[in-house]
Amino acid sequence: VAVSDSVELAEWQGKLFGGQCQVGLKWSKAPDATTSENAQHLQGQLVLNGADPSLMFDGLTTTSKAQADLSLSFATSAAKPNGWLKALSGTGTARLSSPANAPLKASGLFAPLAAVEQAEGPGGQVPTKQESTASFTIDSGVATLKDLRIQSNAYSAMFDGAVDLNRQTFDL
1023 VAVSDSVELA
1033 EWQGKLFGGQ
1043 CQVGLKWSKA
1053 PDATTSENAQ
1063 HLQGQLVLNG
1073 ADPSLMFDGL
1083 TTTSKAQADL
1093 SLSFATSAAK
1103 PNGWLKALSG
1113 TGTARLSSPA
1123 NAPLKASGLF
1133 APLAAVEQAE
1143 GPGGQVPTKQ
1153 ESTASFTIDS
1163 GVATLKDLRI
1173 QSNAYSAMFD
1183 GAVDLNRQTF
1193 DL
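Residue numbers for the sequence shown follow this note's numbering, beginning at 1023 and rising by one.
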């Protein structure tokens, strides 16, 4: 549905990044009370199941057996779309699953997850599958991770921390 200063995508369903996706988005433009510019507002919900993580993120390489799930509600507002990430807020959950014979190869933001995935358990026990799950809130482009769990048959680890999406850094 399109109106002069807004567009809404009510309930789109289909394939995205190789997984099943459901999206609802609303974009609008309105004068910003603090500046003379029009602010562009974007809000929505995204549910993604069974996606290929290497298609979702630059610097992340996996085999076709790795899968990612993401559920996200978000809102942002800026004078220009390149300011949306800095103003991003929302909540969500994420899951990343990969078999041991298909390890993650990552650089940048995802390098810490790939490094943990290579870890062995007590006595050199090699993991056969790894799953990472987390819930998070986002405020001003910084995702605060709650209960980040990285688990395999060989080990389990829990973390709390933050991911600065603008600077692409972890603080766990």
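Ideal Cβ placement from N, Cα and C applies to all residues, glycine included.
Judged by DSSP in its simplified three-state form, G1040 adopts coil rather than helix or strand. Short of 6 angstroms from the beta carbon of Q1044, and not among the five residues preceding or following it, lie these beta carbons of its own chain, in chain order: Q1035, V1069. Rounded to whole angstroms, the gap between the alpha carbons of Y1177 and E1033 is 40 angstroms. For L1064, the three-state secondary structure derived from DSSP is strand. Cβ atoms of Q1089 and G1114 stay farther apart than 8 angstroms, at about 17 angstroms.
Assignment of beta-bridge partners to N1071 by DSSP yields Q1042.
Here T1056 is exposed. Its C-beta has fewer than 16 other C-beta atoms within 10 Å.
If you draw a straight line from the Cα of E1030 to the Cα of N1175, it comes to about 44 angstroms. According to the DSSP secondary-structure assignment, A1116 is paired through a beta bridge with L1092, A1156. Annotation for F1181: the continuous beta strand (DSSP E) segment containing it runs 1178 to 1186.
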